[in-house]
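When you line the sequence shown up against the numbering used here, it's residues 3 to 104, in that order. Don't be surprised by glycine CBs; every beta carbon is placed ideally from N, CA and C. Just so it is clear, the structure is predicted and the values come from calculations on it, not from any experiment. Reading through the structure tokens given below for one structure.
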Amino acid sequence: MTWSDAASGYVAAPGTIAGGSRTGTATLTLIFGLLGLIGGIVFGWGFPFAIAALVLAPRALRGDPAGHARARRGRTLALVGLVATVVWFGYSVLRFIDLLLN
């Protein structure tokens with residue numbers, strides 16, 4: 003809590019940190035990882051979200067420890083989403099080659 007917050011009458015609730023927890027990046031990592039996984043499995047194009055989650059994960063892990071679990075889960079989901087995207091892409095290429103040859 004800053005001096006201006008105290009002067010304006012703002013007082014944090016007992017047991018909380020003034021200003022709240024800074025876990026937004028970890029939450030965003032989890033959301034992007036989940037979207038990357040769903041996109042990779044259902045559509046085969048989840049890699050933009052998965053890459054975004056993998057880029058945000060190290061930043062989230064350097065941040066508030068309260069968000070570390072979310073950041074790790076988001077990173078894991080993003081990696082699985084990337085694998086699903088690669089498998090989907092490989093299957094699509096094989097199907098395309100099969101259609102060309104037959």
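Query, Result
"Output the distance between the C-alpha atoms of D66 and A73, rounded to the nearest integer angstrom.", "10 Å"
"Is the beta carbon of G35 sitting closer than 8 Å to the one on A86?", "no"
"Considering only C-alpha positions, which residue in the set T25, G26 and G46 is nearest to Y93?", "G46"
"Nearest-angstrom Cα distance between V95 and V88?", "10 Å"
"Are L37 and G48 closer than 8 Å when you measure CB to CB?", "yes"
"Would you kindly work out how many angstroms separate the C-alpha atoms of G76 and F91, rounded to a whole number?", "22 Å"
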